[in-house]
Amino acid sequence: MKSPATWLLAARTALRRMFRIAEWQLTLLWAIVAGVLGALATELFRLALRLVDAGLLGEGNGMVALARSLPPWARIVTPACGGLIAGGLLLLAQRATVQKATSDYMEAIVLGDGRIPVAQTLARSASSLASVASGGSIGREGSMVQLAALCTSLLGRAFKFPGERLRLLVGCGAAAGLTAAYNAPIAGAFFVAEIVLGSIAMESVGPIIVAAVVANIVMRALPGYQPVYAMPPFPDVAGFEVLLFALLGVLLGFAAALFLRGLAASRKAFTSLPIALPWRLALGGLVVGLISVPMPEVWGNGYSVVNSVLHSPWPWGLVLAVLGAKLVSTFATVGSGAVGGVFTPSLFFGCLIGALFGTAAQALFPAAGAQPFAYAIVGMGAFLAASTQAPLMAILMIFEMTLSYQVMLPLMAASVVAYFVARSANAGSMYEITLRRREQQDERLRLRTLHMRDLVEPAQTVVQPGADLAEMGRLFLQYPVKYLYVVDAAGLYLGVVPLKALTAATDAPDLATKHAADLVSQDISPIAADMNLGEALQRFMEHRGERLPVIESTARPVLLGVVAKSRLLATYVRLSE
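Yeah, the sequence shown ends on 577 if you go by full-length UniProt numbering, and it's all consecutive.
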């Protein structure tokens, strides 16, 4: 009896034949399905989060409001217990781990075949739900995007998609999930293109954009839809004020670098503790709980705090206090191993640092027209650009949130400056895939600038002009080569002695007393040390041997060694990956 998947495959084949659907058209149709699934998966996680919060803590207007409504002891206990539960679920996820399978959708797209394990991903999502619902200082978007990617991975596997198409479908699901989380379809598409795929080729970006747009349409059709951030109208910015926004970019670039290093240090510190994973997460939750007693604003992802800062001026002292408390809470939550995203915390820190900078700019330059909230909005994008190393995505996201052309000039100035400052500070990125891709790009750049002197190997089969037949014969027996390289006393390359010439000399009695100088040939032209990879490959196409001699230069033909064809080809393969 045929399975449902087999019937669906047969129906798909029949429809393609009937309507003559091209491959690219079919890909766009699947992108539409991925957009719907991604939006529904995101909404399902959001609904589960609401139900858990309502059941455990009661109805409230966000996590900060819930924290304020609780007595101090409950503020301490809730994140700690949530961390303990989240850690237990993470242990289940580790036990469900399948060898050679990764639950991270980025690795599944870039390094894998698009297959995301179900049990491990669901357990990690449940762990994330426990952390976020109990007040953990972490974003919820990570699990939303992960679940969206899982749904599309299962869809592609059910229809037996090949690896390349399955990876693209998972990318469509990830873009749909991010779009549904932030109401930013263009940024969602470019997030996957810029960070995950590392390419904006239309063959891959086209379906991803379709999935993101469909996800946005689905989210707008669902009841209770509203944007995550309520952005105020962005003011006009005078020309000289753009310099202030660029200066803000410098500040945020260094701040993002410190933030990423702090995350790495906190992970290392918690990992070194001699306690089990659930207790590590409980300890992280306890830190958040203790901080939340005087500062309830540290609970959750910070949506309500950001919206409040954008719409009403905060005293700079309060902004600074909340910023410091939230930073420690985020380090404790993320460092302990909680599953979630640091995308939203990046927007939070950018907003508050931007608001502080705007307050200082307004005090120092009263003639400047931009209010602190304008610097806060730009700060969100600039900090995100620096921490993700994806400035294009960050610019598009803030533009989609504000729908204001006035924001573009200061936003681009601050984001690009922050990106380069963070990169110059070797900040890295919050996504390991970005770091790996940058290493690959740096490696390819290094390979493109390689010359033969970088690949040269010592020549083992070198003889002087006076070498007799016996000496040359020993070398041919010792090394499986067809040529010996002849150099004079100064090391200058004179030519080669072919194996066939030595064989002929050995067989002919009148040649038995000959030496290398008598048998030298110019059949092989050496390559210069400053020759690049392409020129050397062209030379090997004209030569059927495995090795070519490398000389310093044609003007000074000192033999440096040999370069092997196999090494050149291996280098070329690494360059083209």
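Think of the CB as a built atom: it goes at the ideal place given N, C-alpha and C, for glycine as much as any other residue.
These numbers were taken from a predicted model, which means no experiment stands behind them.
message: Considering only their Cβ atoms, is the gap separating R453 from L560 smaller than 8 Å?
response: The sequence position of residue 560 within the sequence shown is 560, counting from 1. The sequence position of residue 453 within the sequence shown is 453, counting from 1. Yes, these two residues count as a Cβ contact at 8 Å.
task: Mind checking which residues open and close the alpha helix (DSSP H) that includes Y419?
output: The count along the sequence shown starts at 1 and reaches residue 419 at position 419. From DSSP, the alpha helix (DSSP H) with Y419 extends over M408 to S424.
query: Among L569, S404 and N216, which has the Cα closest to the Cα of Q538?
result: As a working mapping, residue 538 is identified with position 538 in the sequence shown. Minimum Cα distance to Q538 is reached at L569.
task: Report the option in I353, L492 and K268 whose CA atom is closest to the CA atom of A332.
output: Looking up residue 332 in the sequence shown gives position 332. Of the listed residues, the one whose Cα sits closest to A332 is K268.
query: Would Q120 be called buried (16 or more neighbouring beta carbons within 10 Å of its own) or exposed?
result: Position 120 of the sequence shown, counted from the first residue, corresponds to residue 120. Under a 10 Å Cβ-count criterion, Q120 is classified as buried, with 16 or more other Cβ atoms of the shown protein chains found around its own Cβ.
field: Counterpart residues of P549 in DSSP-defined beta bridges
entry: The residue you call residue 549 lines up with position 549 of the sequence shown. Beta-bridge annotation (DSSP): P549 is paired with V562.
- request: Could you check which residue in D530, A501, E535 and K514 has the C-alpha nearest to that of D523?
  value: Position 523 of the sequence shown, counted from the start, is the residue given in the question as residue 523. The option with the nearest alpha carbon to D523 is A501.
Where P557 falls: helix, strand or coil (DSSP): Within the sequence shown, numbered from 1, the residue matching residue 557 stands at position 557. Coil at P557, not helix or strand.
query: So, using beta-carbon positions, are E194 and A390 closer together than 8 Å?
result: For the purposes of this step, residue 194 is taken as the residue at position 194 of the sequence shown. For the purposes of this step, residue 390 is taken as the residue at position 390 of the sequence shown. A contact, by the Cβ cut-off of 8 Å.
- prompt: Which parts of the segment 38–86 are runs of the alpha helix (DSSP H), unbroken and 4 residues or longer, counting only runs that do not cross its ends?
  reply: Runs of alpha helix (DSSP H) with 4 or more residues, each lying fully within the segment 38–86, are found at 63–69, listed in chain order.
task: Can you tell me which of the three DSSP states G239 falls into?
output: As a first step, residue 239 is located in the sequence shown; it is residue number 239 there, counting from the start. The answer is coil: DSSP assigns G239 none of H, G, I, E or B.
- request: State the Cα-Cα distance for the pair I353 and A418, rounded to the nearest angstrom.
  value: As a first step, residue 353 is located in the sequence shown; it is residue number 353 there, counting from the start. As a first step, residue 418 is located in the sequence shown; it is residue number 418 there, counting from the start. Whole-angstrom Cα-Cα distance: 13 Å.
task: Enumerate in chain order the residues of its own chain whose CB-to-CB distance from L494 is below 7 Å, with the five nearest sequence positions on each side excluded.
output: As a position in the sequence shown, residue 494 is number 494, starting the count at 1. Cβ neighbours of L494 beyond the five flanking positions: P465, V486, V487, D488 and V520.
- request: Measure the CB-CB distance between L548 and V558 and report whether it falls below 8 Å.
  value: Looking up residue 548 in the sequence shown gives position 548. Looking up residue 558 in the sequence shown gives position 558. For L548 and V558, no; Cβs fall outside 8 Å.
Coil, strand or helix - K100 by DSSP: Looking up residue 100 in the sequence shown gives position 100. At K100 the pLDDT is 49, less than 50, meaning the model places this residue with poor confidence; the figure from the coordinates comes in the next sentence. K100 sits in coil when the DSSP states are folded into three classes, being neither helix nor strand.
query: Can the beta-carbon of L477 be found less than 8 Å from the beta-carbon of T461?
result: Translated into positions along the sequence shown, residue 477 becomes position 477. Translated into positions along the sequence shown, residue 461 becomes position 461. No, they are not a contact pair.
Simplified DSSP assignment, three categories, for E518: Translated into the one-based positions of the sequence shown, residue 518 becomes position 518. Strictly speaking, residue 518 in this sequence is Asp, with Glu absent from that position. In the three-state reduction of the DSSP assignment, D518 falls in the helix class, which pools H, G and I.
- prompt: Start and end of the alpha helix (DSSP H) containing G317?
  reply: Working through the sequence shown from its first residue, we reach residue 317 at position 317. Unbroken alpha helix (DSSP H) run through G317: W316 to G335.
DSSP bridge partner residues for E457 (one or two, in chain order): Here the question's residue 457 lines up with position 457 in the sequence shown. According to DSSP, E457 bridges with V562.
- request: Specify whether the segment 201–217 and the segment 230–243 touch according to this definition: at least 3 beta carbon pairs, one from each stretch, less than 8 Å apart.
  value: The segment 201–217, when compared against the segment 230–243, does not touch it at the 8 Å Cβ threshold.
query: Assuming P345 contacts R68 under a Cβ cut-off of 8 Å, what Cβ separation, rounded to an integer in Å, is found between them?
result: As a first step, residue 345 must be located in the sequence shown, where it is residue number 345. As a first step, residue 68 must be located in the sequence shown, where it is residue number 68. So it is not a contact: roughly 20 Å between Cβ atoms.
- request: Can you grab the Cα-Cα spacing for the pair L455 / F540, in whole Å?
  value: What you label residue 455 is simply residue 455 of the sequence shown in a count that begins at 1. What you label residue 540 is simply residue 540 of the sequence shown in a count that begins at 1. Distance from the CA of L455 to the CA of F540, rounded to the nearest whole angstrom, comes to 14 Å.
message: Considering only the alpha carbon of each residue, which of G289, G156, L243 and E164 lies closest to Y375?
response: What you label residue 375 is simply residue 375 of the sequence shown in a count that begins at 1. In terms of CA proximity to Y375, L243 leads the group G289, G156, L243 and E164.
message: Assuming A149 and I116 are in contact, meaning their beta carbons sit under 8 Å apart, how far apart are those beta carbons, in whole angstroms?
response: On the sequence shown, position 149 is the one that residue 149 refers to. On the sequence shown, position 116 is the one that residue 116 refers to. With a Cβ gap of about 6 Å, A149 and I116 count as contacting.
query: Can you tell me the Cα-Cα spacing of L323 and G302, whole angstroms?
result: Residue numbering aside, residue 323 sits at position 323 when the sequence shown is read from its first letter. Residue numbering aside, residue 302 sits at position 302 when the sequence shown is read from its first letter. Taking the straight line from one Cα to the other gives about 11 Å.
- request: Answer yes or no: do A184 and E400 have a C-beta to C-beta separation smaller than 8 Å?
  value: Against the sequence shown, residue 184 aligns to sequence position 184. Against the sequence shown, residue 400 aligns to sequence position 400. Cβ atoms of A184 and E400: closer than 8 Å.
- prompt: Would you report the Cα separation of N307 and G206, rounded to the nearest angstrom?
  reply: The residue labelled residue 307 in the question sits at position 307 within the sequence shown. The residue labelled residue 206 in the question sits at position 206 within the sequence shown. Looking at the two C-alpha atoms, the distance is approximately 33 Å.
message: Rounding to the nearest angstrom, what Cα-Cα distance links V36 and A189 in this structure?
response: As a position in the sequence shown, residue 36 is number 36, starting the count at 1. As a position in the sequence shown, residue 189 is number 189, starting the count at 1. Computed Cα separation, rounded: 15 Å.
query: Rounded to whole angstroms, how far is the Cβ of G83 from the Cβ of L277, which I believe are closer than 8 Å?
result: Against the sequence shown, residue 83 aligns to sequence position 83. Against the sequence shown, residue 277 aligns to sequence position 277. Contact doesn't hold; Cβ gap of about 10 Å is too wide.
- request: Compute the distance between the beta-carbons of L263 and V196, then report whether it is under 8 Å.
  value: Counting from one through the sequence shown, the residue named residue 263 turns up at place 263. Counting from one through the sequence shown, the residue named residue 196 turns up at place 196. L263 is not a Cβ neighbour of V196, given a cutoff of 8 Å.
- prompt: Among A414, F191 and A80, which one has its Cα closest to the Cα of I291?
  reply: On the sequence shown, position 291 is the one that residue 291 refers to. The option with the nearest alpha carbon to I291 is A80.
query: Under the rule that 16 or more other beta-carbon atoms within 10 Å means buried, what is H515, buried or exposed?
result: Position 515 of the sequence shown, counting from 1, holds the residue named residue 515. By the 10 Å Cβ count, H515 comes out buried.
- request: Say whether the segment 249–256 touches the segment 381–395, bearing in mind that this needs 3 or more beta-carbon pairs closer than 8 Å, one atom from each stretch.
  value: They touch, by the three-pair rule.
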